[in-house]
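S.K.: Have a look at this one.
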Amino acid sequence: MSRSLEPLFGFVPRNVNAKDVEKALNGDINPFTKSPHSGQYKKILEGRKKLPVYSQMDEFLQTFQANQITVMVGETGSGKTTQIPQFVAYSDLPHTRGKMIACTQPRRVAAMSVAKRVADEMDVPLGKQVGYSIRFEDMTENGTTFLKYMTDGMLLREAMTDPELSRYSTVILDEAHERTLATDILMGLLKALAKKRSDLKLIVMSATLDAVKFQKYFGINGQKAAPLFKVPGRTFPVDVFYTQEPEPDYVEAAIRTVLMIHRAEDPGDILLFLTGEEEIEDACRKIRIEADDLVQQHPDAVGPLSCIPLYSSLPPAQQQRIFDAAPQPRTAGGPPGRKVVISTNIAETSLTIDGIVYVVDPGFSKQKVYNPRIRVESLLVSPISKASAQQRAGRAGRTRPGKCFRLYTEKDFMKELEEQTYPEILRSNLANTILELLKVGVKDLVKFDYVDAPAPETLMRALELLNFLAALDDDGNLTPLGAMMADFPLDPQLAKMLIVSPEFKCSNEILTIVAMLSVPNVFVRPPNLRKEADAAKAMMTVPGGDHLTMLNVYNEYMQNQGDRNWARNNFLNQRALTQADNVRAQLKRNMEKYDIDLVTNTDQRTFYENIRKALVCGFFMQVAHREGEKNMYLTVKDNQIVGLHPSCGLDTTPEWVLFNEFVLTSRPYIRTVTEVRPEWLLEYAPHYYDLTTASFPEGETKRALKSVLAKRKGKSVADTATDDKRGGKKRKTAK
DNA sequence: GAGCACTGC
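No gaps in the numbering here: position 287 of the first sequence is 287 in full-length UniProt numbering, and each next residue is one more.
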């Protein structure tokens, strides 16, 4: 066989060196397609050769060959995400062995855009030899794709059907320092799997600060630590400045700093990090006013300043504004304009804005925290970590040397900030994760080798919930129902109610409700059109509960598909509705796979009642009981005082309500609320509502349920179930 | 009478 037509002739899997690889790269024939290279290939290759990681190809190949697990550190701009998987491809030669290389990313856009870039570099069409796989979109070809970029969640899903991950020769976990839930679980699974599958190689790619931790964690088979492969980055230096004294009001200090930069610093755009939508919009308004004042006072010295907000719920078209050029000087030769982007954490990892020279970092972000005692996840404004502060500062040095102004003292940075942001696994409700782990075949969840083990109470809460939902038996084993639930990309409560819904002849409707609950809020409320938006919402409100309203909104949306402006005219979020439709279709396919009937109850008298009963089957642990006269509820068992969220559409305050979420904002609220009947609680969740056990604390809710039970003993069950008089007091009385 | 940090299946 001629060497020129078989560029990989003589290559032995996992025994190649950089010299051979370079020869193949520089050749005229594409070794993976056997076709001549396209015109642009050589040009792209020249660019790749300038990446820091390229010059270390041989060192990498040696490390990769000699070790089953490698920890790799590559700073921003090193080229690791695009190049390392290609180096692995040349060493692994997965296409000759019917295998694939997986490279995981925490975000969908990253998986897509990196795959596109690498397909170009390898001179193959995207979706053939190089592809990507994300929810709702599989851009791979069976038997052809050997390099697959994918979201970490997607690989975790695959592990549930194939715990050996037998299709893969090498798995690369990229951005491991972000410590997403899925990446953390994958690290645990892959560590165990590596001991079982000696042919499987693993590369964990991360930022510097975490490397030693990962090295220690991945020391297996008698090794003390996994080897470290390090590549320098390619960024510009950033000067960091601290305040002399702590700032009592970080928003005010941030605004002041932005204006100071605008007045006194050389041209270059500014990035300011704040914590949320409201804070950002507020700061934008204030900066605009002050900047205008400044221009008025010093028209010859201060140029125009454009202020651009950035957060995830902003429509994509508005997010695009961050790429607009800074404003032109107002007069020819006048002082130059400048742009300031005011952003949440989204600009820390997900979005890169070129041309940023100044970063203003007040040192806070909203972070998820989980309180297992009351089973509540909430968002809290908290100090960021050192790693996060470094990441923020780095945003100033992507195109030229920059400056970062930290609105806290150097001493606070050194002494008060944590090294790393707490990994998500320590800040989340783990019910879903535990179900996934069990499905993958992990037996002992307490002894599972976590990189960071969650609090025992968090595990307890998750196991308890799954047991009450009958996903786990009393010995902690996955039940057939639990195995089915795990296959749905949903929280266990939602999966449970979807699976049981045919018993209430309402699976079509529950399917819709579950899909609507899986997407962001569909109701839009522009600040200047609140009245109109509220009126539009009132038109679609079903008085019996917010879940029923969601069903109604979806159905109306489907009936008005012909009208492109329908969503906007009715103050609904078109994107969210489309997404709900996508989710619904995916879940429907899942149901069909398990032969779960898709049925609708045609009896109008029990239509809504049956839906509410099905809701109880999943959410019986999220029920509250009205106490006293006012809008005051006590959650069952946990006895948390909560109020109906102002967005709630109920026209009365029913005695018993079921809620989708507990939110802790200005005060504790329950959101997305539907009226239920106490008889249903006793009937459909008898274990949870076992009034004889001590685990059910004494109190008003228990007394109320006891009296229901006493009454029920007098009557037949059938009688109580059809007794659908709507209790409750009128909610909206004269103010 | 309030909100949605950010992801992901």
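Backbone N, C-alpha and C fix where the C-beta goes; we use that ideal spot for every residue, glycine too. Since this is a predicted model, take the numbers as computed values, not measurements.
1. I'd like the span of the alpha helix (DSSP H) that includes I353, first residue to last.
2. Where does the unbroken beta strand (DSSP E) through Y168 begin, and where does it stop?
3. Among all the DSSP beta bridges, which residues are the ones paired with T144?
4. Could you please give the first and the last residue of the uninterrupted alpha helix (DSSP H) stretch that includes Q40?
5. Alpha carbon to alpha carbon, what distance is there between L272 and I384?
6. Taking Cβ to Cβ, would you say R427 is nearer than 8 Å to V376?
7. Please report the Cβ distance between M540 and V553, rounded to the nearest whole angstrom; I am assuming they are in contact, meaning their Cβ atoms lie under 8 Å.
8. So, are the CB atoms of M100 and R157 less than 8 Å apart?
9. Am I right that R400 and D361 are in contact with their C-beta atoms under 8 Å? What's the rounded C-beta distance?
10. Could you check what DSSP says for Q367 in three-state terms: helix, strand or coil?
11. If you draw a straight line from the C-alpha of D581 to the C-alpha of S507, how long is it?
12. DSSP on A264, reduced to helix/strand/coil?
13. Assign I425 to one of two classes, buried (16 or more other C-beta atoms within 10 Å of its C-beta) or exposed (fewer than that).
14. Which residue from A326, S365, V642 and R330 puts its Cα closest to that of Y311?
15. I'd like the list of long-range same chain contacts for A18, defined as Cβ closer than 7 Å, with 5 residues on each side in sequence excluded.
16. Tell me which residue opens and which closes the beta strand (DSSP E) that P624 is part of.
17. Tell me whether the region 388–403 and the region 134–144 touch, counting them as touching only if at least three CB pairs, one residue from each stretch, are closer than 8 Å.
18. Just mark F241 as buried or exposed, buried being the case when its beta carbon has 16 or more other beta carbons within 10 Å.
19. Counting only runs that start and end within the region 300–356, where is the alpha helix (DSSP H) found for 4 or more residues in a row?
20. What would DSSP say about residue 808, mapped onto helix, strand or coil?
21. Who are the near neighbours of I44 in its chain, counting only those whose CB is closer than 7 Å to its CB and skipping five residues on each side?
22. Can you tell me whether DSSP reads Y149 as helix, strand or coil?
23. DSSP has K505 in a bridge; who is on the other side?
24. Should M620 go down as buried or exposed, given a rule of 16 or more other Cβ atoms within 10 Å for buried?
25. Are the CB atoms of P106 and T170 within a distance shorter than 8 Å?
26. Check F229 in the structure and name its three-state DSSP category.
27. Looking at L202: is its Cβ nearer than 8 Å to the Cβ of A194?
28. In chain order, what residues of the same chain lie with their CB nearer than 8 Å to the CB of A483, ignoring the 5 residues before and after it?
29. Can you confirm whether the region 324–339 touches the region 216–226 when touching is taken to mean that 3 or more C-beta pairs between the two stretches lie within less than 8 Å?
30. What three-state label does DSSP hand D534 in the structure shown?
31. Might you give, ordered along the chain, the residues of its own chain that have their beta carbon closer than 7 Å to the beta carbon of D354, omitting 5 neighbours on each side?
32. In this structure, does DSSP put A453 in helix, strand or coil?
33. What are the start and end residues of the beta strand (DSSP E) that includes V73?
34. Pairing CB atoms from the region 244–253 with CB atoms from the region 308–323, are three or more of them under 8 Å?
M.R.: According to the structure shown:
1. First-last for I353: undefined, no H or E at that position.
2. Y168 to L173
3. DSSP, once it has assigned bridges, lists no residue as partnering T144.
4. Bounds of the alpha helix (DSSP H) holding Q40 are G39 to K49.
5. 14 Å
6. no
7. Yes, M540 and V553 are in contact; Cβ-Cβ is about 5 Å, under 8 Å.
8. Not closer than 8 Å, so no.
9. Not quite, the Cβ-Cβ distance comes to about 19 Å (not below 8 Å), so this is no contact.
10. strand
11. 15 Å
12. Residue state, collapsed to three classes: helix.
13. buried
14. S365
15. M57, D58 and L61
16. The amino acid occupying residue 624 in the given sequence is Ala; Pro does not appear at that position. First-last of the beta strand (DSSP E) with A624: V623 to R626.
17. no
18. exposed
19. Uninterrupted alpha helix (DSSP H) stretches at least 4 residues long and entirely within the region 300–356 occur at 316–319 and 346–349, given in chain order.
20. Coverage of the chain is limited to positions 1 through 735, which leaves residue 808 absent and any answer about it impossible.
21. D120 and E121
22. Secondary structure of Y149 (DSSP, three-state): strand.
23. In the DSSP secondary-structure assignment, K505 is not bridged to any residue.
24. For the sequence presented, residue 620 should be read as Phe rather than Met. With 16 or more Cβ atoms within 10 Å of its Cβ, F620 is classed as buried.
25. no
26. Looking at F229 - three-state DSSP - the assignment turns out to be strand.
27. yes
28. K439
29. no
30. Reduced to three states, the DSSP call for D534 is helix.
31. Residues R398 and T399 of the same chain have their beta carbon placed closer than 7 Å to that of D354, with the five preceding and five following residues left out of the count.
32. coil
33. I69 to G74
34. no
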